[in-house]
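Quick note: to get our numbering, add 151 to the position in the sequence shown (first position is 1). Every residue gets a Cβ at the ideal spot worked out from N, C-alpha and C, and that includes glycine. Source: prediction; values computed, not measured. Taking it in order: structure first as structure tokens, then the write-up.
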Amino acid sequence: MANKSIQFLSIFVLLLGFWGLSDATKYRKMVGIYELRKGDFSIRVTNWGATIISVVVPDKQGKLADIVLGYDKISSYVDGTSYFGALVGRVANRIAGSRFTINGTPYHLYRNNGNNSLHGGHRGYSAVIWDVIEKVDSDSPYITFYYNSFDGEQGFPGDVDVHVTYKISPDYKLTVTMHAKPQNKLTPINLAQHSYWNLGGHSSGNILNHRVQIFASHITPVDSELIPTGEIASVDNTPFDFRKPMTVGSRISQVKGGYDHNYVVDSTPDELGLRRVAVVEESQSGRVMELWANQPGVQFYTGNFLNGTEGKGGVKYMQHAALCLETQDYPDAVHHANFPNEIYGPGQAYEHVMVYKFSARK
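Take a look at the structure:
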């Protein structure tokens, strides 16, 4: 299905570290880099972690730039800890104490963030090879990846079939469709797309001058470990209020550690069930990114933990080099009855749709 522009890479996926030498020698899969292109709009993705590697769009003068952070080599994604562009799950964000209970049955997860589980554990969906189900080059090219998440993976119950489709349109839209279906047990599911955005270009510095509008009047406050307290708090008269466009840097000093919080999206759904989530604008390039999705929350993260990671072209990504807008269910929902349910069982389907709309203002 791949065309000549596809670069295939055969790697061991560092299986030595995941399963041991004996297993590694008998388990190989191909990792590929795939391009979707329509005119001057293109993205590159890989089936390692169903990861977005690049998103190239024009600025107000027609100049092209790659606006997501990432690496030059697949091996860097294997070794990386920042989740650049990855599809994260089975449960995105943090689960307190790396444990939860369903109908009286306790489950214990892999701890990879202090005492907590983050983005599915040390080997979540961002750290596995997905199968390429379909790649279509058309007026709106797309690619679909598939992963079978097995019962007990990182401690999660039940087998789950997971699909993600990346599709671009001639009108500069990138649609991400995530679908998951449990096969035999009740299990929490909360997938997220973890791209880091800098509309000036991935190598252009920090995002403190990006103007951001988030269509949310409440957040779910967190404790010192970034775990939600269970409260749903108004953003009125706080540095978390982005209901009107504000630069990221205008009040970030008032937020300890920077923004890394879930916002409760409250805009009205359209006929497809999608809500307008956020608008980001970078004045020098004129680039604008508008995000729509069907999830109740969005994690606004300002690259607080970036500390000189070497990225594409040898660029050093420093703190606040990019921002993330990860639509999702509320974090740690398994521990808060007042949060939207994220437990799915056999016969139930998890559906998560995101639409990024890119443009440039002169």
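Buried or exposed: where does residue i fall if 16 or more other Cβ atoms within 10 Å of its Cβ makes it buried?
i      : result
Phe456 : exposed
Gln450 : buried
Leu342 : buried
Pro209 : buried
Val327 : buried
Met152 : Only weak support exists for where Met152 lies, its pLDDT of 41 falling under 50; the value from the coordinates is given anyway. Label assigned to Met152: exposed.
Gly498 : exposed
Gly462 : buried
Gly255 : exposed
For residue i, name the three-state secondary structure that DSSP assigns.
i      : result
Gln344 : strand
Gly183 : strand
Gly465 : helix
Gln305 : helix
Ala247 : helix
His273 : coil
Val105 : Coverage of the chain is limited to positions 152 through 513, which leaves residue 105 absent and any answer about it impossible.
Ala367 : strand
Ile253 : strand
Ile383 : coil
Within this structure, are the beta carbons of residue i and residue j separated by less than 8 Å?
i      : j      : result
Gly381 : Val416 : no
Val466 : Ile246 : no
Glu376 : Gly265 : yes
Val373 : His412 : yes
Val242 : Trp348 : no
Ser320 : Gly200 : no
Leu269 : Ala472 : no
Pro482 : Pro379 : yes
His353 : Ile218 : yes
Asp392 : Val399 : no
Asp310 : Tyr297 : no
Glu433 : Gly356 : no
With a CB to CB cut of under 6 Å and the five nearest residues on each side skipped, what residues in its chain are close to residue i?
i      : result
Gly408 : Asn455
Lys332 : Asp312, Ala500
Ile494 : Leu337, Pro339
Ile157 : Residue placement at Ile157 is flagged as unreliable, the pLDDT there being 39, under the threshold of 50; a coordinate-derived value is accordingly withheld.
Ile253 : Leu337
Ser510 : Val439
Could you pull the start and end residues of the beta strand (DSSP E) that residue i belongs to?
i      : result
Tyr297 : 293-300
Tyr317 : 311-320
Leu442 : 438-444
Leu325 : 324-333
Gln450 : 448-452
Asn285 : It is worth fixing the name first, because residue 285 is Glu in this sequence and not Asn. Segment 282-287, the beta strand (DSSP E) holding Glu285.
Thr202 : 202-209
Leu476 : 475-479
Val415 : 411-416
His503 : 501-511
So residue i is in the alpha helix (DSSP H); what residue range does that whole segment cover?
i      : result
Ser233 : First-last for Ser233: undefined, no H or E at that position.
What residues in its chain sit with their C-beta under 8 Å from that of residue i, if we drop five residues either side in the sequence?
i      : result
His259 : Ser249, Arg250, Gly306
Ala444 : Val416, Leu425, Arg426, Val428, Thr478, His503, Val504, Met505, Val506
Arg402 : Pro390
Given residue i, which residues of its chain have a CB within under 7 Å of its CB, disregarding the five upstream and five downstream residues?
i      : result
Ser193 : Glu186, Leu187, Val207
Asp191 : Pro209, Leu215
Lys177 : Any reading at Lys177 is ruled out, since the residue's pLDDT is 35, under 50, leaving its predicted position unreliable.
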